[in-house]
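The structure under discussion appears below in the form of structure tokens.
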Amino acid sequence: MRILILANAQSVHFHRWLIALTASGHEVHVATAEPRAIEGVTVHTLPRYRYQLLRLILSAGPLRRLVAKLKPDIVHAYYLLDYGFMAAFAGIKPLVVTAMGSDVLRGLDVSYRRRFLAGYACRRADYVLTRAEHMNETVRRLGAGGPVEAVPNGIETRVFAFGGARNSVPRVLCTRAFRPVYNIMAFILAIAILKRSGKRADFILVGDGTDRPEIEAAIEREGLEDCVTLVGALAHDALPAYYASCDIYVSPSLSDGNSVSLMEALAGGCYPVVSDIPANRAWIVNGENGKLFAPTDPQDLARKLGEAIDGIETFDEIRRMNRDKVVEQADFDSCLSKVLDVYGSVRAGRRT
């Protein structure tokens, strides 16, 4: 197939996906306003404008001309508020769009503009994909006229391998970016509570972002320098070793579509202590295969994390079961196959 993808080409997760499509024998093109070279993929740069809505409207002409030139078998646009709307407004067919998470989980109830952009994309797409089941009903309420299906990003489960040996002092890992939606400050406050209670563990934060100065100040203020390590942002291929070497994974996120980092942590053998939001409830049952905590309550996080630290020696079977669940439901190759099946069904439907 000749596939045209509309997306932010800067994302490492898209690179992995696009390279896999190419390796499967497909001719892959990307149209983007955020260009970056990708091995085996032809990248087409769309115009940039200062204002988002202006860019989405004025890019319709260049996009139509590109589609007329390439004659792709399928067009797949990622993120409803941006490339999804752009492709729909340009009248591109056949069109698959993917809701990524924040485009349908945040702000639709208070923003007419967000509802309009997301709804327009959903109503004009031939097929709507989401990252997780809890997003599907919102997409249907936005007016999706075609099929709606949840397909996770998928992870390379052979790379994120089970860690095995445990540490004498528990190692607790968080790999979320230092941005408001990921709520890292709640984790820092929970660490301070645990330290005051005498709990012993090493806390490792992999990531960076706009909240870093506030986080560094809190670590110093609470006297956590001896137990908290800020690693900074890492290349994606450096992450498997961190998951494999740690015992517990924490995500205090306020919102997620389908958390790739949680799936990576489960595949790597970390016991999960994560916020009680729909994306995490899809994978974790509180007290059975992990802990869920109220995302805005550092006391609750400290309590659940303390329980996990105390019980770490008893979680080996849970960790194996969690990995098996990820392999069954979110293996990268299986997710890729599902999306290719969607492409095939959309093409067949357009021909009839």
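As numbered in our numbering, residues 607 to 958 make up the sequence shown, in order.
Backbone N, C-alpha and C define an ideal beta-carbon position, used for all residues, glycine too.
Contact fails between the region 910-919 and the region 756-768, because fewer than three Cβ pairs, one in each stretch, are under 8 angstroms apart. Non-local C-beta neighbours of Ala798 in its own chain, meaning closer than 7 angstroms and more than five positions away in sequence, comprise Glu828, Leu830, ordered along the chain. With fewer than 16 other CB atoms across the displayed protein chains lying within 10 angstroms of its CB, Tyr657 is exposed. Taken in chain order, the complete beta strand (DSSP E) segments of 3 residues or longer contained in the region 776-809 are 777-780. Per the DSSP secondary-structure output, Thr736 pairs in a beta bridge with Ala705, Ala756. For Asp862, the closest C-alpha among the options Ala767, Arg777, Ala738 is that of Ala738. Under the criterion of beta carbons closer than 8 angstroms, Leu800 and Pro858 do not qualify as touching, at roughly 14 angstroms. Here the C-alpha atom of His619 lies approximately 22 angstroms from the C-alpha atom of Asn928. In this structure, Asp808 places its C-beta atom within 9 angstroms of the C-beta atom of Asn773. DSSP, read as helix, strand or coil, puts Glu645 in coil. With fewer than 16 other beta carbons inside 10 angstroms of its own, Gly646 counts as exposed.
Asp715 has its alpha-carbon roughly 30 angstroms from the corresponding atom of Val948.
Comparing C-alpha distances from Ile625 to each of Leu942, Leu735, Gly950 shows the shortest one belongs to Leu942. The shortest CA-to-CA distance from Ala683 to any of Leu676, Arg671, Cys728, Tyr655 is the one to Cys728.
Of the residues Lys910, Pro904, Thr902, Ala900, the one whose Cα lies closest to the Cα of Glu894 is Lys910. Burial state of Glu743 is exposed, judged by a 10 Å Cβ sphere holding fewer than 16 other Cβ atoms. Using a Cβ distance threshold of 9 angstroms, Val932 and Thr736 do not count as a contacting pair. Annotated three-state conformation of Pro678 is coil, per DSSP.
Here Gly950 carries a helix assignment [DSSP, helix/strand/coil].
By the CB criterion at 9 angstroms, Ala696 and Arg670 fall inside the cutoff.
Straight-line measurement puts the Cα of Leu610 at about 7 angstroms from the Cα of Ala637.
In the structure shown, the three-state DSSP call for Glu762 is coil. For the region 817-881, the full-length alpha helix (DSSP H) segments reaching 4 residues or more read 818-828, 845-851, 866-873 along the chain. Annotation for Ile609: the continuous beta strand (DSSP E) segment containing it runs 608-612.
Membership of Phe620 in the alpha helix (DSSP H) is indicated by the continuous run 618-629.
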